[in-house]
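In what follows, a structure is listed as structure tokens, so that the remarks can point back to it.
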Amino acid sequence: MKATVAILAATAGVASAHHGNHRRAHDLFARKAAGETCVPGCTTVWETFYGEPTFIEHGPEPTPAIPTITVEVLPTPEVEVCPTPGTYSWDATTITVTETTTVCGATTTKVGPGTHTYGGVTTVVDTETTVVCPIAKETESNGVVTSIIEETTYVCPTPGTYTIGPSTSVVTVDETVIVYPTPTVIAPGTYTRPAATVTVTVNNYVTVCPWVGGPAPTPEPQSPAAPAPAPVAPAPAPSPQKPSNTYTPGTGLGGNGEDHWAITYTPYTEDSGECKSRDAVFADIRNIKSLGFNTVRIYSTDCNTLENVGDACEAEGLKIIVGVFVKERGCGYSGVHKEQVEGLVKWGKWHLVSLCVIGNEAIFGGLCNANQLKGLIDSSKAVIKGAGYTGPFSTAETVNVWQQHGDVLCDSIDIGGANTHPYFNADTRPSAAGAFVRGQLDIVTKICGKRAISLECGWPTEGNCNGVACPGVAQQAQAVNSIRSSCGEDVVFFTYGKAFWKGPSSCNCEPYFNIEGSF
Numbered sequence: 000m001k002a003t004v005a006i007l008a009a010t011a012g013v014a015s016a017h018h019g020n021h022r023r024a025h026d027l028f029a030r031k032a033a034g035e036t037c038v039p040g041c042t043t044v045w046e047t048f049y050g051e052p053t054f055i056e057h058g059p060e061p062t063p064a065i066p067t068i069t070v071e072v073l074p075t076p077e078v079e080v081c082p083t084p085g086t087y088s089w090d091a092t093t094i095t096v097t098e099t100t101t102v103c104g105a106t107t108t109k110v111g112p113g114t115h116t117y118g119g120v121t122t123v124v125d126t127e128t129t130v131v132c133p134i135a136k137e138t139e140s141n142g143v144v145t146s147i148i149e150e151t152t153y154v155c156p157t158p159g160t161y162t163i164g165p166s167t168s169v170v171t172v173d174e175t176v177i178v179y180p181t182p183t184v185i186a187p188g189t190y191t192r193p194a195a196t197v198t199v200t201v202n203n204y205v206t207v208c209p210w211v212g213g214p215a216p217t218p219e220p221q222s223p224a225a226p227a228p229a230p231v232a233p234a235p236a237p238s239p240q241k242p243s244n245t246y247t248p249g250t251g252l253g254g255n256g257e258d259h260w261a262i263t264y265t266p267y268t269e270d271s272g273e274c275k276s277r278d279a280v281f282a283d284i285r286n287i288k289s290l291g292f293n294t295v296r297i298y299s300t301d302c303n304t305l306e307n308v309g310d311a312c313e314a315e316g317l318k319i320i321v322g323v324f325v326k327e328r329g330c331g332y333s334g335v336h337k338e339q340v341e342g343l344v345k346w347g348k349w350h351l352v353s354l355c356v357i358g359n360e361a362i363f364g365g366l367c368n369a370n371q372l373k374g375l376i377d378s379s380k381a382v383i384k385g386a387g388y389t390g391p392f393s394t395a396e397t398v399n400v401w402q403q404h405g406d407v408l409c410d411s412i413d414i415g416g417a418n419t420h421p422y423f424n425a426d427t428r429p430s431a432a433g434a435f436v437r438g439q440l441d442i443v444t445k446i447c448g449k450r451a452i453s454l455e456c457g458w459p460t461e462g463n464c465n466g467v468a469c470p471g472v473a474q475q476a477q478a479v480n481s482i483r484s485s486c487g488e489d490v491v492f493f494t495y496g497k498a499f500w501k502g503p504s505s506c507n508c509e510p511y512f513n514i515e516g517s518f
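Per numbering that gives the first Met the number 0: the sequence shown ends with 518, consecutive numbering throughout.
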């Protein structure tokens with residue numbers, strides 16, 4: 000979608016252009032040289048007659064040409080503020096981008112009282128380095144705040160990690176959400192902002208509507224046609240080789256015949272989404288163990304997750320799938336992403352970790368493109384490996400993202416991670432859930448030539464029917480049994496506990512994926 004803006008060119012003054020046309024009229028009456036003779040001649044008498052005055056109509060003034068420029072609308076995140084409790088909806092929008100552009104993205108972070116530094120561009124240097132990079136800034140004029148991109152030059156004097164152009168705010172209230180700009184590279188492609196509905200229970204709720212999509216695939220370079228070589232006897236074709244996995248999982252990461260081994264867990268209270276107490280987390284982990292699970296997947300490091308969940312799992316003899324949750328557009332190794340990696344390194348209980356997942360649906364959620372996510376994975380891997388972790392890495396995306404971007408992502412991961420919810424396929428009944436998930440994992444395995452596991456797989460107990468996929472307690476039990484019998488050893492079940500703090504979304508099902516009752 001493009002918008003056209005007309006700009007009226009200012010006309011420069013042209014009076015000075017007439018200066019060169021002034022003539023010296025008195026030169027026509029120049030004095031003659033002495034000695035010239037006067038010769039009698041004719042005299043002409045002029046007489047002028049005036050008639051009635053006549054108006055001469057002038058034609059229309061020519062319309063000056065107005066140059067135009069084409070402004071391309073870009074998929075920058077749209078921050079929406081819901082001032083009062085209620086239900087808010089936004090329509091779907093699709094745009095096409097034709098040129099790579101650096102723009103101001105929007106990032107949100109929840110903070111408490113105190114001084115907070117956020118944003119900026121983080122870089123790691125091995126020697127004295129001069130860095131030239133774009134930074135996002137905010138300017139205010141007459142009460143209007145505008146986000147802009149500026150290029151800055153920064154000298155890193157010694158080896159180390161530097162954050163260039165951060166912002167600082169002092170917060171005096173108990174809790175608030177800060178929205179700040181971040182440089183984001185928008186690649187050519189088609190982007191869609193899906194329709195969204197959210198139910199708000201507090202005042203001044205802030206949400207960011209993301210854009211889904213990404214850059215168009217790069218066409219293969221066309222080589223000029225070469226002259227046909229002289230015919231030769233064909234050489235025997237080499238036998239096909241199966242790509243080798245870079246990591247072979249052992250016990251603790253499924254693959255050992257268990258029909259259920261892992262479950263997702265977030266340490267949030269069901270109603271408000273606040274952080275659970277340490278005692279509540281320990282009680283949850285004990286219950287998870289009683290259901291027969293040996294591994295717990297966590298998404299991030301907030302709410303003292305590593306300390307509380309880690310200690311509880313260690314006490315109960317369970318393993319952990321740790322994660323770095325992408326919250327900022329562009330997926331840069333900076334801000335909250337860098338903080339999560341540093342939190343993992345500081346915690347350092349690698350003997351409990353069976354898998355490290357960098358990102359959860361970051362591309363599907365429109366937060367970054369494949370190359371940006373690959374950069375975050377590679378940067379995080381380097382730091383985490385340097386701290387002593389020797390296990391596998393993955394990222395969690397939907398299968399269609401792996402189909403589109405596997406050529407970029409596969410080299411950076413050891414295990415293909417797919418979020419496979421059969422309920423969201425309108426043609427899948429609960430009884431066929433296992434076959435659907437198995438088929439999805441087979442697709443990812445073929446794309447990367449590596450083992451694939453489902454990092455999220457569940458079925459809701461309440462909500463709307465999606466085609467033949469209907470929610471319900473009995474339907475969930477049927478779906479879970481189907482998944483356990485077909486591919487349970489390759490599935491992380493979703494999830495432990497209800498989540499009323501989530502918006503219901505269009506399916507009215509988001510809070511109801513609690514799977515505890517089916518085990």
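Backbone N, C-alpha and C define an ideal beta-carbon position, used for all residues, glycine too.
Report all residues from its chain with a CB closer than 6 Å to the CB of residue i; omit the five preceding and five following residues, and keep chain order.
{"i": "lysine 348", "result": "Gly309"}
{"i": "tyrosine 153", "result": "Val130, Ile163"}
{"i": "threonine 300", "result": "Gln339, Gly342"}
{"i": "threonine 304", "result": "Pro266, Ile297"}
{"i": "tryptophan 346", "result": "Leu305"}
{"i": "asparagine 463", "result": "Cys506, Asn507"}
{"i": "threonine 95", "result": "Thr189"}
{"i": "threonine 145", "result": "Thr138"}
Among the options, which residue has its Cα nearest to the Cα of residue i?
{"i": "phenylalanine 435", "options": "Gly405, Val400, Gly471, Ser485", "result": "Ser485"}
{"i": "tyrosine 298", "options": "Thr198, Thr114, Thr263", "result": "Thr263"}
{"i": "valine 407", "options": "Phe324, Leu440, Gly364, Asp377", "result": "Asp377"}
{"i": "asparagine 424", "options": "Gly466, Ile320, Thr138", "result": "Gly466"}
{"i": "glutamate 79", "options": "His115, Thr95, Leu290, Val176", "result": "Val176"}
{"i": "serine 88", "options": "Ala194, Pro180, Ala381", "result": "Ala194"}
{"i": "phenylalanine 181", "options": "Thr268, Lys326, Asp270", "result": "Per the sequence presented here, residue 181 reads as threonine, with phenylalanine not at that position. Of Thr268, Lys326, Asp270, the residue nearest in Cα terms is Lys326."}
{"i": "threonine 116", "options": "Ile147, Glu139, Val169", "result": "Val169"}
{"i": "threonine 97", "options": "Ala261, Cys81, Pro74, Thr114", "result": "Pro74"}
{"i": "cysteine 302", "options": "Gly316, Val295, Glu315, Thr268", "result": "Thr268"}
{"i": "cysteine 81", "options": "Thr145, Tyr204, Val178", "result": "Tyr204"}
{"i": "proline 421", "options": "Gly448, Gly385, Asp413, Trp458", "result": "Trp458"}
Looking only at its own chain, which residues have a Cβ that is under 8 Å from the Cβ of residue i, when we skip the five neighbours before and after it?
{"i": "glycine 119", "result": "Ile134, Thr162, Ile163, Gly164, Pro165, Ser166, Ser333, Gly334"}
{"i": "glycine 471", "result": "Thr460, Glu461"}
{"i": "valine 352", "result": "Lys318, Ile319, Ile320, Val321, Tyr388, Gly390"}
{"i": "glutamate 313", "result": "Lys348, Leu351"}
{"i": "isoleucine 362", "result": "Gly213, Asn368, Ala369, Leu372, Glu396, Val400, His404"}
{"i": "glutamine 240", "result": "The pLDDT assigned to glutamine 240 is 38, lower than 50, so where the model puts this residue is not dependable; a value taken from the coordinates is nonetheless given after this. Nothing meets the Cβ criterion."}
{"i": "glutamate 515", "result": "Asn286, Leu290, Tyr495, Gly496"}
I'd like the list of long-range same chain contacts for residue i, defined as Cβ closer than 7 Å, with 5 residues on each side in sequence excluded.
{"i": "serine 517", "result": "Gln475, Ala476, Val479"}
{"i": "valine 443", "result": "Val398, Trp401, Gly415, Ala417, Ala451"}
{"i": "isoleucine 482", "result": "Ala432, Gly433, Val436, Cys456, Val490"}
{"i": "threonine 83", "result": "Asn202"}
{"i": "alanine 311", "result": "Val280, Phe281, Ile284"}
{"i": "threonine 151", "result": "Cys132, Ile134, Ile163, Gly164"}
{"i": "proline 503", "result": "Thr198, Glu509, Pro510"}
{"i": "histidine 259", "result": "Gly291, Phe292, Arg483, Gly487, Phe492, Phe518"}
{"i": "threonine 171", "result": "Pro112"}
{"i": "asparagine 307", "result": "Pro266, Arg277, Val280"}
{"i": "leucine 90", "result": "It is worth fixing the name first, because residue 90 is aspartate in this sequence and not leucine. Ala194, listed in sequence order."}
Looking at the unbroken beta strand (DSSP E) that takes in residue i, where does it start and where does it end?
{"i": "histidine 350", "result": "Histidine 350 -> no beta strand (DSSP E), and no H or E assigned at all."}
{"i": "isoleucine 452", "result": "451-456"}
{"i": "asparagine 418", "result": "415-418"}
{"i": "phenylalanine 324", "result": "Where phenylalanine 324 is concerned, there is no enclosing beta strand (DSSP E), given that its DSSP letter is neither H nor E."}
{"i": "glycine 113", "result": "113-117"}
{"i": "glycine 85", "result": "85-89"}
{"i": "isoleucine 262", "result": "261-263"}
{"i": "glycine 291", "result": "Careful: glycine 291 lies outside any beta strand (DSSP E) and carries neither H nor E."}
{"i": "glycine 188", "result": "188-192"}
Since residue i and residue j should fall inside the 8 Å C-beta cutoff, what is the C-beta to C-beta distance between them, to a whole number of angstroms?
{"i": "glutamate 509", "j": "lysine 497", "result": "Actually they are not in contact, since the Cβ atoms of glutamate 509 and lysine 497 sit about 10 Å apart, beyond 8 Å."}
{"i": "leucine 372", "j": "glycine 390", "result": "So it is not a contact: roughly 20 Å between Cβ atoms."}
{"i": "cysteine 330", "j": "cysteine 367", "result": "4 Å"}
{"i": "threonine 196", "j": "threonine 86", "result": "6 Å"}
{"i": "alanine 473", "j": "arginine 428", "result": "In fact, because the Cβ distance is near 12 Å, the residues do not count as touching under 8 Å."}
Between which two residues does the alpha helix (DSSP H) harbouring residue i extend?
{"i": "arginine 296", "result": "Per DSSP, arginine 296 belongs to no alpha helix (DSSP H); it is in the beta strand (DSSP E), 294-296."}
{"i": "cysteine 132", "result": "Note, cysteine 132: premise wrong, no alpha helix (DSSP H); beta strand (DSSP E) at 128-140."}
{"i": "threonine 404", "result": "First, the residue type needs correcting, since residue 404 is histidine and not threonine in the sequence shown. Note, histidine 404: alpha helix (DSSP H), 398-408."}
{"i": "threonine 304", "result": "304-315"}
{"i": "alanine 521", "result": "Nothing can be reported for residue 521: it is not among the residues displayed for the chain, which extend from 0 to 518."}
{"i": "isoleucine 376", "result": "369-385"}
Where in the region 424-502 do unbroken runs of the beta strand (DSSP E), each at least 3 residues long, occur, reported from the N-terminal end onward? 451-456, 490-492
At 3 residues or longer, what runs of the beta strand (DSSP E) sit wholly inside the region 147-184? 159-163, 166-170
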